[in-house]
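Mapping of the sequence shown onto full-length UniProt numbering: position 60 corresponds to residue 60, and the numbering continues sequentially without gaps. Comments concern the structure below.
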Amino acid sequence: MKDWWQSQFPQGRQSLIITDANGYPVRIAYGEKGTGKPLFFFHGAGSWSYNWRYSIPPLSKYFRVICFDAKGYGFSEKPLSRREQNGHLVIESERIIRTLCDEPVVIVAESLGGLVALALAQEYPELIARLVVVNVPIFAQRLPHWAMWLLSQIPLEIVQTVDALRVTQMFAPVVREMMAIERRGVLFDPSTLTEEDVYWMTYPLIEFPGTLAKISEELQIAIKQIEQLQSNKPTLLGKIQNNLHAIKCPTLILWGEHDSWFPASDGVKLHQLIPKAKLKILPNCCHDASSGANEAVNKAIIEFLRDTDFLS
């Protein structure tokens with residue numbers, strides 16, 4: 001099957017080195033297409049840049065579109081010997097943006113990526129000109145899927161052993177079928193999921209050692225955050241919730257009307273807490289908006305950027 005990066009980006013997959021949150025150099029995979037003002041796509045948990053495949057071509061007509069795989073995800077480096085600290089994605093995303101751009105950017109971010117983007121807008125307001133977040137776990141009460149919960153409960157050492165033995169590669173057909181079932185569950189029209197989609201969505205999980213362990217580690221961080229917040233303990237998630245009023249850049253909130261992971265009422269609440277926010281509920285859309293409602297998402301982004309004088 002043709003290399004996805006080569007099919008999407010003129011220079012294919014590129015890489016850059018940043019210093020991660022632990023102080024070590026790590027390699028980040030990214031691609032870019034188009035010219036003009038920079039627009040970054042942030043992916044969600046367990047995902048990678050492929051999730052934005054339907055938005056790269058139309059948005060690159062207007063912007064310098066940049067997709068990157070966060071550390072531990074997709075084609076980026078997965079440092080197995082070091083544990084991740086809470087908030088590392090925020091720190092590393094800021095460093096990626098500053099490495100690639102010298103002007104304020106547009107961030108379009110889905111799910112966990114949206115949470116990272118909200119934190120960035122609070123911590124580094126000078127970095128972001130416009131913000132679009134989609135189906136964000138800002139008020140999450142639990143991990144939304146049983147497989148996520150399961151991975152968050154298994155000791156990381158066991159997951160690392162399973163990963164090192166390349167079990168996902170040995171059982172690749174089973175992994176792909178499980179992914180297909182899971183992805184159909186977050187699409188309003190499950191028939192839109194193709195065999196090629198499943199192949200690329202599972203590619204890092206099957207082909208790259210460390211992917212499963214890093215996903216598990218990220219989920220363990222997430223569930224600890226949720227549990228500590230519910231126990232009224234200080235958390236990064238709580239800090240982000242309490243500082244939403246500090247986000248000053250024009251912000252568009254997109255939410256799937258039928259999102260079964262994080263209800264649309266969370267989007268309404270988020271809209272009330274960000275001063276310059278607009279809210280658009282996407283009909284016929286579940287959690288996976290970037291794929292399942294890509295035309296509506298792309299249209300909403302372009303209209304928002306025009307309405308806020310970022311696109312002529």
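Here a beta-carbon is modelled for each residue, glycine too, at the ideal position from N, C-alpha and C. Fair warning: this is a prediction, and the values are worked out from it, not measured in the lab.
Query                                                                                                                                    : Result
Let's see if you can read the secondary structure: which residues bound the alpha helix (DSSP H) around Gly-267?                         : 264-273
Can you give the Cα-Cα distance for Ile-240 and Arg-166, rounded to whole angstroms?                                                     : 37 Å
Looking at C-alpha atoms only, which residue of Lys-71, Phe-310, Gln-225 and Ala-277 is the closest neighbour of Ala-121?                : Ala-277
To the nearest angstrom, how far is it from the Cα of Val-65 to the Cα of Trp-261?                                                       : 28 Å
Suppose you measure from the CA of Val-106 to the CA of Arg-306; what does that come to, to the nearest Å?                               : 13 Å
Does the contact criterion of 3 or more C-beta pairs under 8 Å hold for the region 150-169 versus the region 279-286?                    : no
Check this for me: beta carbons of Ser-55 and Asn-294, under 8 Å apart or not?                                                           : yes
Taking the C-alpha atoms as reference points, what is the distance between Glu-110 and Thr-194?                                          : 21 Å
Is Gln-141 helix, strand or coil by DSSP?                                                                                                : coil
Counting C-beta neighbours from all protein chains within 10 Å, is the total for Lys-2 16 or more, i.e. buried, or is it exposed?        : exposed
If you draw a straight line from the alpha carbon of Thr-35 to that of Ser-7, how long is it in whole angstroms?                         : 18 Å
What residue from Pro-209, Tyr-24 and Phe-63 has the CA that sits closest to Ile-302's CA?                                               : Phe-63
Note down the Cα distance separating Ala-119 from Glu-217, rounded to an integer number of angstroms.                                    : 20 Å
Counting only runs that start and end within the region 80-104, where is the beta strand (DSSP E) found for 3 or more residues in a row? : none
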